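The structure appears below as structure tokens.
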Amino acid sequence: MMNTIEVGDRKFEISITNERINERIKLIAAQINAEYEDKRPIFVGVLNGSFLFMADLLKEVNIPCEVAFMKVSSYKGTTSSGEMKEVFGLPENLKDRNLILVEDIVDTGFTLKYILEKVYLQQPASVRVCSLLFKPEAILSPIQELEYIGFEIPNEFVVGYGLDYDELGRNLKHIYRTIS
Ligand code: 5GP
1 MMNTIEVGDR KFEISITNER INERIKLIAA QINAEYEDKR PIFVGVLNGS
51 FLFMADLLKE VNIPCEVAFM KVSSYKGTTS SGEMKEVFGL PENLKDRNLI
101 LVEDIVDTGF TLKYILEKVY LQQPASVRVC SLLFKPEAIL SPIQELEYIG
151 FEIPNEFVVG YGLDYDELGR NLKHIYRTIS
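Heads up: the sequence shown begins at 1 in UniProt numbering, then just goes up one per residue.
Right, dumping it as structure tokens:
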């Protein structure tokens with residue numbers, strides 16, 4: 001396995017291997033399988049970053065469920081702009097449904113805050129967030145709904161397994177951190 005790689009003009013080193021990600025996913029899915037057994041949850045993945053996590057997680061979910069994706073404005077470079085654009089593709093049938101929002105990473109929390117405001121307008125029965133990564137030191141808008149977390153990581157920039165650096169690196173199997 002290559003421990004350091006280049007993405008665009010930056011160097012990265014391995015942080016979380018694909019094997020560790022999949023072990024963690026099995027545990028999260030087991031919890032969701034137990035907690036949502038008779039609830040027919042609808043999983044809503046936030047694109048683009050969640051596409052691999054969503055796919056691997058859903059392969060381990062074995063209860064009746066629905067799957068959808070939505071999109072918000074993209075994240076440019078290595079710092080959060082703080083400004084959001086539009087929400088696209090949010091399902092319109094969320095009333096009285098049990099929603100699980102699936103994210104790649106919660107950084108400041110502003111993206112999710114924005115999404116959650118739109119989601120609650122539809123009066124779902126319940127809303128929880130499942131995020132592969134969480135940066136506790138970076139949170140500015142705490143998310144009560146953040147129930148399932150893959151890994152807590154320090155306040156560093158990561159790439160791979162769905163996460164990009166200027167749109168590159170989403171296809172990497174492992175998660176890499178920037179080398180400072
Ligand atoms: P937040 O609104 O919580 O600050 O940021 C959430 C979004 O910012 C994520 O969905 C992701 O697209 C992006 N983001 C935050 N931190 C990182 C990071 O370390 N690496 C990458 N590639 N994207 C990040």
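Note that beta-carbon positions come from the ideal geometry of N, C-alpha and C, so glycine has one too. What you are looking at is a predicted structure, and each value in this text was computed from that prediction instead of being measured.
Short of 7 Å from the beta carbon of I5, and not among the five residues preceding or following it, lie these beta carbons of its own chain, in chain order: F12, Y176.
Straight through space, the alpha carbons of L116 and P124 are spaced by roughly 11 Å. Rounded to whole angstroms, the separation of the alpha carbons of Y165 and D96 is 37 Å.
Bounds of the alpha helix (DSSP H) holding V119 are 110-120.
Selection N155, G169, L146 evaluated against E137 yields N155 as nearest (Cα-Cα). For T17, same chain residues with a beta-carbon under 7 Å away, outside a window of 5 residues either side, are H174 in chain order.
The three-state secondary structure of N33, taken from DSSP, is helix. CA-CA distance, V67 to G45, rounds to 8 Å. For secondary structure counted as the beta strand (DSSP E) over 3 or more consecutive residues, the region 5-59 holds these complete runs in sequence order: 10-16, 42-47. The alpha-carbon separation between V158 and F51 amounts to approximately 16 Å. E60 and I179 have their C-alpha atoms roughly 33 Å apart. For the pair I63 and R10, the Cα-to-Cα distance works out to about 41 Å.
Assigned with DSSP and collapsed to three states, E86 falls in coil, not helix or strand. Residue L47 holds the alpha-carbon nearest to the alpha-carbon of V102 among Q31, L47, E19, N171.
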